[in-house]
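Visitor:
Residue numbers (the UniProt record's numbering): 1 to 466.
#1: Does DSSP classify residue 59 as helix, strand or coil?
#2: Between residue 275 and residue 89, what straight-line distance do the alpha-carbon atoms span, to the nearest angstrom?
#3: Give the range of the beta strand (DSSP E) segment to which residue 124 is assigned.
#4: Where do the N-terminal and C-terminal ends of the alpha helix (DSSP H) with residue 86 fall, by residue?
#5: Could you tell me if residue 87 is buried or exposed, where buried requires 16 or more neighbouring beta carbons within 10 angstroms of its beta carbon?
#6: With C-beta atoms as the reference, is residue 243 less than 8 Å away from residue 288?
#7: What's the gap between the Cα of residue 256 and the Cα of residue 430?
#8: Tell me the DSSP secondary structure of residue 285 in three-state form.
#9: With a CB to CB cut of under 7 Å and the five nearest residues on each side skipped, what residues in its chain are close to residue 439?
#10: For the alpha helix (DSSP H) that contains residue 390, what are its first and last residues?
#11: Flag this pair as yes or no: are the beta carbons of residue 335 and residue 420 separated by less than 8 Å?
#12: From 390, 401, 142, 83, pick the residue whose C-alpha is nearest to that of residue 379; which is it?
#13: Quick one: residues in its chain with C-beta nearer than 6 Å to the C-beta of residue 252, no 5 flanking neighbours on either side, listed in chain order?
#14: Consult DSSP for residue 308 and reduce its assignment to one of helix, strand or coil.
#15: Is it true that the segment 386 to 394 meets the segment 349 to 357, where meeting means three or more beta-carbon pairs spaced less than 8 Å apart?
#16: Under 6 Å Cβ to Cβ from residue 389, same chain only, skipping five residues before and after it: list those, please.
#17: Can you tell me where the beta strand (DSSP E) holding residue 317 begins and where it ends?
#18: Can you find the residues in the same chain that come closer than 8 Å, C-beta to C-beta, to residue 59, ignoring five residues on each side of it along the sequence?
#19: Could you give the DSSP three-state label for residue 335: helix, strand or coil?
#20: Exposed or buried, residue 454, counting other C-beta atoms within 10 Å across all chains shown (16 or more means buried)?
#21: Looking only at its chain, what residues have a beta carbon closer than 7 Å to the beta carbon of residue 45, apart from the 5 residues adjacent to it on each side?
#22: Leaving out five residues on either side along the sequence, give the residues of the same chain with a beta carbon under 8 Å from the beta carbon of residue 69.
#23: Roughly how far, in whole angstroms, is the beta-carbon of residue 459 from the beta-carbon of residue 234, given that I think they are within contact range, below 8 Å?
#24: Which same chain residues end up closer than 7 Å to residue 63 when comparing Cβ atoms and leaving out the 5 residues on each side of it in sequence?
#25: What does DSSP give as the partner residues of residue 118 in its beta bridges?
#26: Between the beta-carbon of residue 383 and the beta-carbon of residue 328, is there less than 8 Å?
#27: Run through DSSP, which three-state label would residue 262 get?
#28: State the start and end residues of the unbroken alpha helix (DSSP H) segment that holds residue 446.
#29: Taking Cβ positions, are residue 470 and residue 282 nearer each other than 8 Å?
#30: Suppose the cutoff is 7 Å on Cβ atoms and the five residues either side in sequence are ignored; what does the same chain contact list for residue 315 look like?
#31: According to DSSP, which residues form a beta bridge with residue 268?
#32: Would you tell me roughly how many angstroms separate the C-alpha atoms of residue 105 and residue 96, rounded to the nearest one?
#33: So the beta strand (DSSP E) residue 240 belongs to, where does it begin and stop?
#34: Are residue 301 and residue 152 touching if we call contact CB-CB under 8 Å?
#35: Exposed or buried, residue 313, counting other C-beta atoms within 10 Å across all chains shown (16 or more means buried)?
#36: Out of 339, 296, 349, 399, state which residue places its alpha-carbon closest to the alpha-carbon of residue 415.
Listed below in structure tokens is the structure:
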């Protein structure tokens, strides 16, 4: 039978067997995929300590605090212990302000437990970040002190701020060396006398709100500057861009923007504080991330007279070169390049990592609404003064101050500029940025620009002579 058929008929048993195999393949449980930890990073700082777990998939974590002694316990689901995660133990530094040590273990199948032994009580924020920049998924642990660090208290502790509100004795510069530059040091005899003056005399110095406030004090303060005297300390906030999870731009030889601008900011701080009437606060003094809004908030808390953000530019073409100065714009960017740069710098929060649940989403719009023409005009004057001095040591990318919507320049009451020191993407300028001599020249030029600005635009007297 059926001898002429090349393929004999399939039996009923064979059909049933094949069907059962297919059914089993459909309903059989698929083994859960365990996420892989790609990198672990720890960023200790006085402001807060951040621990980052970078992984190839989104992770779900729960955490709780245990008392006596203080510990934070974190359980991460869908994870198997691997050597990369174990390496977290060795990354905790002895000088970490908040973490004593961390223990890592497989708590149960598919669940890894981290136990952070703490040095003090903390307020933790645990959140995830979607892939951004060169990063994959990230699980973030931010450990904040229960009592947030107060910028003024921190400056008093470091000796950068006089607790009695008076100027330091004449000549008591931070570095002990004589002030540099072509202007004389500002003396303090009159300032100390004025600090102890009767209330009526102090009231006379307050701005008249019915008139243009700066005009009320300009002549008197310019005379004080000319005679080498000033009625109060001047506070300059220096803002080294990027930091921590956000490296900023990078050069061909591996240099990172966050490292270069921090080095420049520290040099600049030392040079500014050679003048006994000036003090400086850094928005970050180490390698950690500070959100854009927090940078602005820090400046406002210390009642800054100026805000200077320091960056190192980058472009797709390595031939781009030169220094630039930018200020805020409410009406749109002054050029397409300025707009492109502002958009790039404003991505810092996305790359650096901000917990959106705790971020005031109205902050950016409120600050922009409050930004006044007066603030922008003052910023333009400051920017022009600084740009003119930088032009003496480096080629300018553009010969005038540019404007764009930089989030970090949105303090409504502080003249604010952003300096792109040079193009780190240009090998020649990258070498300059890494050179101690160039960094010193750049810092000297910025100081001179700031001093020239103050000489022509004396700051308002404040209600408290600080």
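Idealized CB from N, CA, C, for every residue including glycine.
Guide: To lay it out plainly:
#1: Under the three-state reduction of DSSP, residue 59 is assigned to coil, being neither helix nor strand.
#2: Each residue's alpha carbon lies about 45 Å from the other.
#3: For residue 124, the uninterrupted beta strand (DSSP E) run begins and ends at 122 to 129, by DSSP.
#4: Per DSSP, residue 86 belongs to the alpha helix (DSSP H) from 83 to 86.
#5: Sixteen is the threshold: since fewer than 16 other Cβ atoms of the shown chains lie within 10 Å of the Cβ of residue 87, the residue is exposed.
#6: Yes.
#7: Roughly 10 Å between the two C-alpha positions.
#8: Residue 285 falls in the coil class under three-state DSSP.
#9: Leaving aside the five residues that flank residue 439 on each side, the residues in its chain whose CB is nearer than 7 Å to its CB run, in chain order, 263, 264, 267.
#10: Start and end: 373 to 390.
#11: Between residue 335 and residue 420, the C-beta spacing is not below 8 Å.
#12: For residue 379, the nearest C-alpha among the options comes from 401.
#13: Residues 427 of the same chain have their beta carbon placed closer than 6 Å to that of residue 252, with the five preceding and five following residues left out of the count.
#14: Residue 308: strand per DSSP, three-state reduction.
#15: In this structure the segment 386 to 394 does not touch the segment 349 to 357; the number of beta carbon pairs closer than 8 Å is below three.
#16: So the list reads 445, 448, 449, once near-sequence residues are dropped.
#17: Neither: residue 317 is in no beta strand (DSSP E) and is coded neither H nor E.
#18: Once the five neighbours on either side are set aside, the close Cβ partners of residue 59 are 35, 53, 76, 77, 78, 79, 128, 137, 139.
#19: Of the three classes helix, strand and coil, the one that applies to residue 335 here is coil, per DSSP.
#20: Residue 454 is classed as buried because its beta carbon has at least 16 other beta carbons within 10 Å across all chains shown.
#21: Excluding positions up to five away in sequence, the list reads 286, 288.
#22: The answer, listed in chain order, is 117, 118.
#23: Contact holds; Cβ gap of about 6 Å.
#24: Residues of the same chain with a CB within less than 7 Å of the CB of residue 63, apart from the 5 flanking positions on each side, are 72, 73, 74, 124, 126 in chain order.
#25: In the DSSP assignment, the residues bridged to residue 118 are 99.
#26: No; because the gap between Cβ atoms is not below 8 Å, this pair is not in contact.
#27: In the structure shown, residue 262 adopts helical secondary structure according to DSSP, grouped into three states.
#28: If you look at residue 446, you'll find it in the alpha helix (DSSP H) that goes 436 to 456.
#29: An answer regarding residue 470 cannot be provided, because it is not within the stretch 1 to 466 covered by the chain.
#30: Excluding sequence neighbours, residue 315 sits near 423, 425.
#31: DSSP lists no partner for residue 268.
#32: Their backbone Cα atoms lie some 22 Å apart in a straight line.
#33: In the DSSP assignment, residue 240 falls within the unbroken beta strand (DSSP E) covering 234 to 240.
#34: In this structure, residue 152 lies closer than 8 Å to residue 301 by Cβ.
#35: The C-beta of residue 313 has 16 or more other C-beta atoms within 10 Å across all chains shown, which makes the residue buried.
#36: Here the closest residue by C-alpha is 296.
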